[in-house]
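So this is what it looks like as structure tokens:
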């Protein structure tokens, strides 16, 4: 067998070209040696090298790697001895080098339009252009004839459009039904069995255009005689090589391709047919009521035919038994309703909120309730996306990603017993290591359905993701080729980086899984378990998943479904082409993409069903097996988390908010000066592009009822709504434990607030009585400047007592989060307004009411603002007291429902009478009575 000595220059996909060049040069050398006894003196045309050796030392990166690898490669041909008549010649130490392939052109003509699957013949065509190589070795004629050196060149196909290529190949794929006759006759299997699939491949065209040139002999007297006949030798070898080159390509290529297609047909056919006929999958339906069991009983109704199928039982029997065990209800297991009701309510609430606001935020949802919207033909898609949450979750994702709607994550080296690399061992050659580095998902602002970790039944979690427009996935890979000692290939390790892209549409993914926790271990977990528990299952002593695994008895994917359309799969260089626009490696990418796209375009339904079958059975089983192995390894280790020794009697260490990373990040985002401009721009967008552009405030726009009175609001006008001038959320102040909140709205440009720019609302209301009919109309106009709302909290959250908090308490009752608190209070509640003016025009009439009207208008807006500010300030103070008392009640309740005792260092208690909250209405009424408002009224 020949040997190829690899150069040190890294490259990519070398073996594709080696196979072609090896065949050509091998035949040339062997034929040359065998026919060297036929000597006739003649001259042969010369092939001049079209270009100098490549500059492998300069900057070219990926676009010179393969060119240099080919040029510097060394392929050793085996020694041979040939006899012809009185002559015997030995050819030894033949080494070929200086390989060149200028370019490679590929295409995939569409298949015939015949309605018969078997008549369809999609094909792939490949042209190699500008091939050349130089081979040198030793010859020995034996005895008196002497010995010496022999050198020959082979080439063909100039790198231009007018010259024929060095080698033209065309491979036709013959399509047929995926299944056999027995599968087609099976129940529910006829549709799957008739899916088209390439059942064989034929090399329908192989046209070489190679020329052996410049055969020379040296090193002895006889070499001069043999050299005289090098021309005829070259011609004969050229003819023989062109005649014989395609025979091994056709025979070997067809055998290899058909063997692969046969294996793929058997695997995919059985997989898809088994997925349809042997599984009756229960769809994952998201329940509407808390506690509704969306799976119920067994996740799969496995048919009698599947149980009778020995191959299926052999490969998946153990998996089915483990699924049954996980579904069995046990008395000592942890359940949603009994052990984690608070977590269940949170997950249900999040999923319900997301499902209602995928494409519509709260504001847009309210605008759609207006009568003017409902009477028009407007839709959510007609509204400009104003950012934030205006267009729901999809719009929020688009805003956060700057319109790119993509997410990129690094692939960890190890996760759930999965490693990020795959090693492929090729006997006699070496090994190929494929390592996933990162995953990028784009199109994540096109969700049509999204539900993640929806709790149901006793311990089931369901997820559902759908997108009509689909997602695009891009994975960055490192390719490493390590030649084995004694292999055909010799040299240093080859490294290459590329991206693999998947473009999809009509994506529909559903899954359900069972998570069974050991009740005894679960009850022993505390926050300190996640802080102090230490072992290295995840190669990280503080990974929170360690303690989750310790308490987890079993985790099983019950159902995994994926339906999507693969629109395209292609590879691309990384980094992308920027300097060199055409390269041999790009030609290889084109060939790979050409073949992949041919399979997707010619067999779209088969591709979809194959992917669905792979996800439904093998992928689910692989994940379940890995999880089972991971849990088995975990159970063999000591219970570090359940038996953690939490430090006790440590001095109080309250959480410092001014140095907390989460609070600091929140302040950088929310409390930045630029945030006010963003908020005002959002308000301006909603008003201009939604309310005014669609005339949502013109005419009757909103109806509601109060007792027997029906109220119809009409003709809304607003001015200067984009007037937020102060915004602070959880801003640390005073010391480490106080945080204040401030909202300033209705700004006036001048420092003394004497300007006329005000934030105003005006609207009318028609009043309809249930028995009196229309009783009149009231018009309002309210203007204000510089409304400010303030309030803060003083919180001491003891971080040294937090580790004692039980996880069972935390997931069952929200009140238990207050267990580590030593002090809490509200402070600084206040509300003021600098200017307030109100105008009311009322006109009352009716069958039993004499027509009359009245008008109210503020005379002194500052005096009214002062009175209202005093009223709001007193109300804010009462609200502060009421909220404080309410929180104290929660602290007291936590001592009742939580097993974890309250922090003994707590300096607050619930001794203040809860009846104090009942005084709120009485004191509020007194404030209203004391408010003296200067006003004028007129009746007419």
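Numbering (our numbering), first residue to last: 999 to 1938.
Each residue gets a CB set at the ideal place from its N, CA and C atoms; glycine is no exception.
>> With DSSP as the reference, identify every bridge partner of residue 1771, one or two as the case may be.
In response: 1767
>> Check this for me: beta carbons of residue 1363 and residue 1389, under 8 Å apart or not?
In response: no
> Apart from the five residues just before and just after residue 1165, which ones in its own chain have a Cβ nearer than 6 Å to its Cβ?
Replying inline: Only 1126, 1206 meet the Cβ criterion.
> Which two residues bound the contiguous alpha helix (DSSP H) that contains residue 1545?
Replying inline: Its alpha helix (DSSP H) spans residues 1543–1549.
>> Let me check one thing: in DSSP terms, what residues is residue 1567 bridge-paired to?
In response: Beta-bridge pairing links residue 1567 to 1500.
> Does the separation of the CB atoms of residue 1391 and residue 1344 fall below 8 Å?
Replying inline: no
> Exposed or buried, which one is residue 1699 when buried takes at least 16 other CB atoms within 10 Å?
Replying inline: Answer is buried; the Cβ neighbour count reaches 16.
>> Let me confirm a value: residue 1705 is counted as buried when at least 16 other C-beta atoms fall within 10 Å, else exposed. Which label applies?
In response: exposed
>> Can you tell me whether residue 1214 sits near the ligand MN, meaning its C-beta is under 7 Å from at least one heavy atom of the ligand?
In response: Looking for the ligand MN in the displayed structure turns up nothing, as the structure carries no ligands at all.
> For residue 1435 and chain B, any beta-carbon pair shorter than 8 Å?
Replying inline: No chain B appears in this structure, which consists of one protein chain only.
>> Using only the alpha-carbon positions, how far apart do residue 1097 and residue 1132 sit?
In response: 7 Å
> Is DSSP giving residue 1332 helix, strand or coil here?
Replying inline: coil
> Exposed or buried, what is residue 1177 when buried is set at 16 or more other beta-carbons lying within 10 Å of its beta-carbon?
Replying inline: So residue 1177 ends up on the buried side.
>> Nearest by alpha-carbon distance to residue 1903: which of 1686, 1796, 1839 is it?
In response: 1796
>> Would residue 1134 and residue 1172 qualify as a contact pair, given that the criterion is a beta-carbon distance under 8 Å?
In response: no
> How many angstroms separate the CA atom of residue 1406 from the CA atom of residue 1437?
Replying inline: Rounded to the nearest angstrom, the two C-alpha atoms are 6 Å apart.
> Taking the C-alpha atoms as reference points, what is the distance between residue 1645 and residue 1811?
Replying inline: 24 Å
> Where does residue 1778 sit, in a helix, a strand or coil, going by DSSP?
Replying inline: strand
> What residue range is occupied by the uninterrupted beta strand (DSSP E) comprising residue 1215?
Replying inline: 1209–1216
> Is the stretch 1599–1609 in contact with the stretch 1552–1570, if contact means three or more CB pairs nearer than 8 Å?
Replying inline: yes
>> On the DSSP bridge list, what partners appear for residue 1829?
In response: 1787
> In terms of DSSP beta bridges, what is residue 1792 paired with?
Replying inline: Answer is 1736, 1823, bridged to residue 1792.
> Sorted by chain position, which residues of the same chain lie with C-beta nearer than 6 Å to residue 1799's C-beta, five sequence neighbours on each side aside?
Replying inline: 1818, 1901
>> If you follow the alpha helix (DSSP H) that residue 1898 is in, where does it begin and where does it stop?
In response: No alpha helix (DSSP H) contains residue 1898, which DSSP labels as neither H nor E.
>> Using the Cβ count rule (16 or more neighbours within 10 Å means buried), how would you classify residue 1691?
In response: exposed
> Using the C-alpha atoms, what's the distance from residue 1823 back to residue 1793?
Replying inline: Cα to Cα, residue 1793 sits roughly 7 Å from residue 1823.
> Nearest-angstrom Cα distance between residue 1830 and residue 1757?
Replying inline: 15 Å
> Which residue or residues does DSSP assign as beta-bridge partners of residue 1204?
Replying inline: 1167
>> Looking at residue 1871: is its Cβ nearer than 8 Å to the Cβ of residue 1834?
In response: Not a contact, by the Cβ cut-off of 8 Å.
>> On the criterion of 16 or more Cβ atoms from any shown chain inside 10 Å, does residue 1202 qualify as buried, or is it exposed?
In response: exposed
>> Measuring alpha carbon to alpha carbon, tell me which residue in 1169, 1868, 1725, 1100 is nearest residue 1200.
In response: Of the candidates 1169, 1868, 1725, 1100, the one whose C-alpha sits nearest the C-alpha of residue 1200 is 1169.
>> Assuming the contact rule is C-beta atoms closer than 8 Å, residue 1474 and residue 1494 should be a hit. Round their C-beta distance to whole Å, please.
In response: Actually they do not touch by this definition, with Cβ atoms about 12 Å apart.
>> If you reduce the DSSP assignment to three classes, tell me which class residue 1431 lands in.
In response: Taken through DSSP and simplified to helix, strand or coil, residue 1431 comes out as strand.
> So, are the CB atoms of residue 1443 and residue 1403 less than 8 Å apart?
Replying inline: yes
>> Considering Cα atoms alone, identify which of 1091, 1615, 1070 is closest to residue 1099.
In response: When C-alpha distances from residue 1099 are compared across 1091, 1615, 1070, the shortest belongs to 1070.
>> Using only the alpha-carbon positions, how far apart do residue 1248 and residue 1128 sit?
In response: 22 Å
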